[in-house]
Each structure stands twice: as structure tokens, then as C-alpha cells.
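In what follows, a single structure is set out as C-alpha cells and then discussed.
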Amino acid sequence: MEPGEIILVTGATGLVGSALCARLAGMGRRVRALVRPTSDASFVRTLDVELAEGDIADDEDCQRAAQGVGTVFHCAAYVSDWAEADEMQRVNVEGLQAMMEAALANGVRRLVYLSSLAVVGHDPQVNIDESAPFVLTGDGYNRTKVEAEQLAMQYHRERGLAVSIIRPPYIYGPRDRQMLPRLLSNLQSGTFRYIGAGDQPLSLVYVENLIDAMIAAAERPEAAGQVYLITDGEPVTRRQLVEAVCDGLGLDRPTRTVPVGVAKVACRLLEATYRLAGKREAPPLNRFRLKFMATPLTFSIEKARRELGWEPRVSFADGMAATLAQWREQEAAPPSQ
Numbered sequence: 000m001e002p003g004e005i006i007l008v009t010g011a012t013g014l015v016g017s018a019l020c021a022r023l024a025g026m027g028r029r030v031r032a033l034v035r036p037t038s039d040a041s042f043v044r045t046l047d048v049e050l051a052e053g054d055i056a057d058d059e060d061c062q063r064a065a066q067g068v069g070t071v072f073h074c075a076a077y078v079s080d081w082a083e084a085d086e087m088q089r090v091n092v093e094g095l096q097a098m099m100e101a102a103l104a105n106g107v108r109r110l111v112y113l114s115s116l117a118v119v120g121h122d123p124q125v126n127i128d129e130s131a132p133f134v135l136t137g138d139g140y141n142r143t144k145v146e147a148e149q150l151a152m153q154y155h156r157e158r159g160l161a162v163s164i165i166r167p168p169y170i171y172g173p174r175d176r177q178m179l180p181r182l183l184s185n186l187q188s189g190t191f192r193y194i195g196a197g198d199q200p201l202s203l204v205y206v207e208n209l210i211d212a213m214i215a216a217a218e219r220p221e222a223a224g225q226v227y228l229i230t231d232g233e234p235v236t237r238r239q240l241v242e243a244v245c246d247g248l249g250l251d252r253p254t255r256t257v258p259v260g261v262a263k264v265a266c267r268l269l270e271a272t273y274r275l276a277g278k279r280e281a282p283p284l285n286r287f288r289l290k291f292m293a294t295p296l297t298f299s300i301e302k303a304r305r306e307l308g309w310e311p312r313v314s315f316a317d318g319m320a321a322t323l324a325q326w327r328e329q330e331a332a333p334p335s336q
């Protein structure tokens with residue numbers, strides 16, 4: 000990133016995008032945030048950033064947002080385990096293509112694309128690295144993120160766009176709208192069950208560790224055309240994760256369990272029933288949620304350490320403490336008028 004250049008952040012109201020805007024603005028950088036008109040941009044509006052309203056899949060909106068930009072951090076994504084496939088395709092694939100076309104038209108030097116470790120599928124993953132192949136699972140999020148990565152690399156090879164791909168696992172941090180709210184909903188309602196003993200390992204990434212890596216990828220010329228797996232570097236078990244949340248928020252630690260085999264059968268039945276009924280909401284257990292709660296998921300970050308000179312600087316304990324502190328403040332705050 001060059002001094003004085005405009006840095007564009009897409010998906011700026013999400014967990015990663017909002018934290019990235021805050022970091023860059025705190026560094027004194029010129030930041031432009033692309034946000035949907037209907038998004039809650041209240042946090043981003045508190046920052047010293049320029050807001051550009053628009054739809055990530057609209058060519059003209061992307062062209063306007065990219066004018067005068069040197070670096071793009073593409074964080075916009077539709078993350079869901081039960082959404083319409085067409086809308087995921089529009090946001091996750093067509094949106095990336097629209098932004099890459101705008102980047103090329105406006106002379107953008109570097110685009111950092113935030114992908115997901117969902118591209119390697121639902122099966123157990125033990126210390127895998129960037130050489131692991133794509134695995135298509137049949138769900139829309141997995142398929143569109145695979146297609147988006149392939150498209151990004153095609154633009155790098157054939158169109159000369161300097162793209163770096165960052166693949167995180169589950170992300171946590173202040174303003175999380177995905178992992179923590181779902182987990183808390185089950186804990187507070189008393190419906191939470193460990194699947195198996197709860198001792199299956201899981202790699203997570205704290206949002207500030209992730210942002211460190213994204214900035215490093217943007218600043219290193221040799222990172223163009225490369226993929227990097229980014230985690231906290233210290234797997235935790237599902238039980239450690241859940242108990243950290245419970246202890247931090249004063250909730251009772253759950254003790255009840257469900258055998259893995261029973262959960263897998265229930266998952267298949269629930270998914271089939273919900274699909275036959277045409278339900279728009281996700282079933283309480285599906286393959287995405289089963290993966291989160293039961294599948295061993297650990298990843299190697301040696302390539303990022305070696306090539307980016309990056310190291311996760313915030314531990315799981317400290318990152319989760321900061322996440323839960325923000326959650327407590329949010330819950331204690333009076334409702335906005």
C-alpha cells in the first residue's frame with residue numbers, strides 16, 4: 000500500500016470489513032468503504048472513512064467506488080448455510096467479478112480477496128495447508144467460494160490483476176454476527192448439546208490476527224497470485240470454546256452430549272425434511288453446523304509465516320476476552336431511539 004493512496008474496503012459493515020476500516024483509519028490511511036444502502040453502517044460512520052453506497056454486484060457502483068483507488072480489500076460476501084443459491088452466486092461470484100473489472104479499469108495495484116476455508120469441504124481436516132484440493136459439498140456457500148477463488152486466479156493469470164487470497168476458518172471478534180450469536184442462542188435457550196465428547200480440535204482466527212495478515216499480503220509484491228491460510232495458530236477444542244464463552248458471560252457450562260452417529264442421522268433427516276417442505280429458515284442441525292460442532296478442523300499457517308513474515312499476535316484467550324467484553328457492553332447499552 001502506497002502512502003496517500005485510497006484504500007477501498009468492500010463488505011465494510013461486516014465483522015472483518017469494519018475492523019479493517021478501523022485499523023486502516025487508525026493508521027492514518029485514506030479509506031473508502033463500500034456499503035449497501037440498507038446496511039447498518041453506524042459503526043463505520045464513527046470512523047474517519049469515506050462512505051460509498053452501492054451494491055457489490057452492480058458494475059457502475061463498483062466502478063465509482065474504485066476510482067482513484069490503489070488497493071482493494073474485498074471482504075463482501077453472503078455467508079449462509081441455507082440461503083438461495085442465486086443470491087449467493089450474485090454476491091459471492093458476480094460481486095467479485097464486478098469489483099475485479101473495476102479494479103482493472105481504474106489501475107488498482109493490488110486486490111486482497113477474503114475467501115474461506117469452506118472451500119476444502121466438510122470432511123475432517125488435520126493440519127492441512129494450501130496444497131489441499133477444493134472439495135465441492137453441494138451447498139451454495141462452498142460452491143460460490145470455490146468458484147470465486149478460481150475466478151480470482153484466472154484474473155491474475157490472464158488479466159494481470161495482482162490478487163492475493165486469504166483463507167480464514169471461523170472468525171471471531173467484536174461485532175460478530177455469525178458464530179457467537181448462534182452459539183449464544185443455543186446456550187441461552189438450553190438447547191445446546193456437545194456432539195461427541197467436545198474434544199475435537201478446531202482452528203479459529205481472531206479478527207485482528209486476520210487483518211494483520213491481510214495487510215501483510217497487500218504490502219508484499221511476492222504475495223500476488225498466492226493463497227494463504229490464516230488462523231490463530233493454536234487450535235482449541237469445542238469444549239474449550241464453549242466454556243470460554245460461558246465463563247466470560249456468566250452462563251452455566253453445558254454438560255449434555257449427543258453421539259456423533261446420532262447427530263449425523265438427525266442432520267440428514269432434518270435437511271431432507273426442510274427441503275421437502277421448502278422452508279426458508281435453516282434446520283437446527285445441518286451439515287454446516289455439524290461441521291462446526293464436531294469435525295476436526297486444523298490448518299497449517301507456515302506459508303504465511305514464511306512468506307508474509309506474519310505471526311498471530313493475539314492469543315485465543317485474549318481475543319475471546321475482547322470479543323466477550325464488547326458483547327457485554329452491547330447488551331448493557333440502552334436501546335437506540
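Residue 78 in numbering that gives the first Met the number 0 sits at position 79 of the sequence shown, with consecutive numbering throughout.
We put the beta carbon where it would ideally sit given N, CA and C, even for glycine.
For this session: Please list, in chain order, all residues of the same chain as residue 141 whose beta carbon is under 6 angstroms from its beta carbon, the five residues on each side excluded.
Result: Result list for residue 141: 117, in chain order.
Exercise. In its own chain, which residues sit with a C-beta less than 8 angstroms from the C-beta of residue 104, not counting the 5 before and 5 after it?
Worked result: Around residue 104: 62 and 65.
Exercise. Is residue 163 helix, strand or coil by DSSP?
Worked result: strand
Exercise. When the distance is taken between beta carbons, is residue 205 closer than 8 angstroms to residue 318?
Worked result: In this structure, residue 318 sits near residue 205, with a CB-CB distance shorter than 8 angstroms.
Problem set entry | Length of the line joining the Cα atoms of residue 161 and residue 174 | 30 angstroms
Exercise. For residue 193, which residues of its own chain have a beta-carbon under 6 angstroms away from its beta-carbon, when the five flanking residues on both sides are left out?
Worked result: 256
Exercise. Taking the Cβ atom as the reference point for each residue, do residue 8 and residue 113 lie within a distance shorter than 8 angstroms?
Worked result: no
Exercise. Leaving out five residues before and five after residue 244 in sequence, what residues of the same chain have Cβ atoms less than 8 angstroms from its Cβ?
Worked result: 179, 182, 183, 186, 250, 319 and 323
Exercise. Considering only the beta carbon of each residue, do residue 67 and residue 1 sit closer than 8 angstroms?
Worked result: No; because the gap between Cβ atoms is not below 8 angstroms, this pair is not in contact.
Exercise. What residues match up with residue 124 in a beta bridge as DSSP calls it?
Worked result: 296
For this session: For the stretch 205–223 and the stretch 294–314, state whether three or more C-beta atom pairs, one from each stretch, are separated by less than 8 angstroms.
Result: yes
For this session: Identify every residue that forms a DSSP beta bridge with residue 52.
Result: 34
For this session: Starting from the Cα of residue 164, find the closest Cα among 290, 283, 72 and 58 and give me that residue.
Result: When only C-alpha atoms are compared, the closest one is 72.
Exercise. Where in the stretch 171–200 do unbroken runs of the alpha helix (DSSP H), each at least 4 residues long, occur, reported from the N-terminal end onward?
Worked result: 178–188
For this session: Check each candidate in 326, 240, 209 and 254 and name the one with the smallest Cα separation from residue 231.
Result: Answer by Cα proximity: 209.
For this session: Count the other CB atoms, across all protein chains shown, that sit within 10 Å of the CB of residue 188; report buried if there are 16 or more and exposed otherwise.
Result: exposed
Problem set entry | Anticipated Cβ contact below 8 angstroms, residue 11 with residue 34, distance rounded | 5 angstroms
Problem set entry | Beta-carbon gap between residue 93 and residue 51 smaller than 8 angstroms | Cβ atoms of residue 93 and residue 51: not closer than 8 angstroms.
Exercise. Exposed or buried, residue 60, counting other C-beta atoms within 10 Å across all chains shown (16 or more means buried)?
Worked result: Looking at its Cβ environment, which holds 16 or more other Cβ atoms inside 10 Å, residue 60 is buried.
Exercise. Are there 16 or more other CB atoms within 10 angstroms of the CB of residue 311, so buried, or fewer, so exposed?
Worked result: Buried, by the Cβ-count rule.
Exercise. Where does residue 363 land, buried or exposed, given buried means 16+ other C-beta within 10 angstroms?
Worked result: With the chain represented from 0 up to 336, any question about residue 363 goes unanswered, as that position is not in the structure.
Exercise. Should residue 26 go down as buried or exposed, given a rule of 16 or more other Cβ atoms within 10 Å for buried?
Worked result: Within a 10 Å sphere around the beta-carbon of residue 26 sit fewer than 16 other beta-carbons, which makes this residue exposed.
For this session: Hey, could you find the ends of the alpha helix (DSSP H) residue 25 is sitting in?
Result: 14–25
Exercise. Taking just the CA atoms, how far does residue 88 sit from residue 77?
Worked result: Straight-line measurement puts the Cα of residue 88 at about 9 angstroms from the Cα of residue 77.
For this session: Look up residue 8 in the DSSP assignment and say whether it is helix, strand or coil.
Result: strand
Exercise. Just the Cα atoms here: how many angstroms apart are residue 207 and residue 21?
Worked result: Between residue 207 and residue 21, the alpha-carbon positions lie close to 11 angstroms from each other.
Problem set entry | Cross-strand partners of residue 236 (DSSP beta bridge) | 200
For this session: Would you decide whether residue 268 is buried or exposed? Buried here means 16 or more other CB atoms lie within 10 Å of its CB.
Result: Its Cβ having fewer than 16 others within 10 Å, residue 268 is exposed.
For this session: Could you pull out every residue in the same chain whose Cβ sits closer than 7 angstroms to the Cβ of residue 96, ignoring the five residues on either side in sequence?
Result: 150
Exercise. Is it true that the CB of residue 234 sits closer than 8 angstroms to the CB of residue 297?
Worked result: Contact flag set, yes.
Exercise. With respect to the alpha helix (DSSP H) encompassing residue 142, which residues constitute its N-terminal and C-terminal limits?
Worked result: 139–158
Problem set entry | Under the three-state DSSP convention, the category residue 113 falls into | strand
Problem set entry | Beta-carbon gap between residue 48 and residue 31 smaller than 8 angstroms | yes
Problem set entry | Cβ separation of residue 294 and residue 225, assumed to be a contact under 8 angstroms, to the nearest whole Å | Incorrect: roughly 27 angstroms between the Cβ atoms, too far for contact.
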